[in-house]
Amino acid sequence: GNSVTQMEGPVTLSEEAFLTINCTYTATGYPSLFWYVQYPGEGLQLLLKATKADDKGSNKGFEATYRKETTSFHLEKGSVQVSDSAVYFCALRRSMYEKLTFGTGTRLTIIP
Amino acid sequence: EAGVAQSPRYKIIEKRQSVAFWCNPISGHATLYWYQQILGQGPKLLIQFQNNGVVDDSQLPKDRFSAERLKGVDSTLKIQPAKLEDSAVYLCASSSLGGGSSYEQYFGPGTRLTVT
């Protein structure tokens, strides 16, 4: 079946540090890949997405590239801010009509 | 546009009691999802509706969980009787069938259930 394996957390970084959160997936066919973010006290929000191999999703300084050869979709940001503190979820969806399959989430804390 | 609304935000019940959660999706969204998010895990789909029909309920514990979406708009998820392991956040999401980015799932704030 489909699954998403995400980097274990929690992750604590200093402000302006470089961020990488690893995500790999197992799926049949050609799924779409997503990163969702959950800020404290809020619902899940879509951060970025990629729908085919070699696509790069980007938003708010975050980037992730759909790598089919390594079945990965790692999240990166060059310089994190305190406001980026949240829980980040990697997810896949086999088709646009289907459910999302999520990883376990990575809690990120940025200290000033 | 208004987002996905859920109520209540928090609920504490004793085991073997019953509880119901309500979700009002974004206006015009045909597809509605209920996810269960246990602490430390990612959300897991319980049931997916398209209009008022069930598309996927393969992960719904049907001996205790039920859900309905009358008139293809808002939805109710019920647990009866609750068990300790049902303690989780219940997320509702909706999406449209309009194509392109409309297929994105928009999530509500969730209902945090604690079973004691």
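Note that the protein sequences, when read in sequence, are chains A and B.
Okay, so the first sequence: first residue is 10 according to our numbering, each after it adds one.
Okay, so the second sequence: first residue is 3 according to our numbering, each after it adds one.
Don't be surprised by glycine CBs; every beta carbon is placed ideally from N, CA and C.
Worksheet entry | Run of the beta strand (DSSP E) containing A/S12, from where it starts to where it stops | S12 to Q15
Fill in: Environment of B/R11 [buried if 16+ CB atoms lie within 10 Å]
Per the 10 Å Cβ criterion, exposed.
Fill in: Contact set between the region 81-113 of chain A and chain B, restricted to residues whose Cβ is under 7 angstroms from the partner
Answer in chain order: F98, M105, K108, L109, F111, G112 and T113.
Practice prompt. List the DSSP bridge partners of B/R18.
Written response: Its beta-bridge partners do not exist; DSSP assigns none.
Item to complete: For A/R102, count neighbouring Cβ atoms within 10 angstroms of its own Cβ and tell me buried if that reaches 16, exposed if not.
Response: buried
Worksheet item: Along chain B, in chain order, which residues have C-beta atoms closer than 9 angstroms to that of A/L42?
Response: Correct list: empty, because the minimum Cβ distance to chain B is about 13 angstroms.
Worksheet item: Which of the three DSSP states, helix, strand or coil, is assigned to A/V91?
Response: helix
Worksheet item: With a cut-off of 8 angstroms, do at least 3 Cβ pairs link the region 68-82 of chain B to the region 32-43 of chain B?
Response: yes
Worksheet item: What's the C-alpha gap between A/S88 and A/F27?
Response: 5 angstroms
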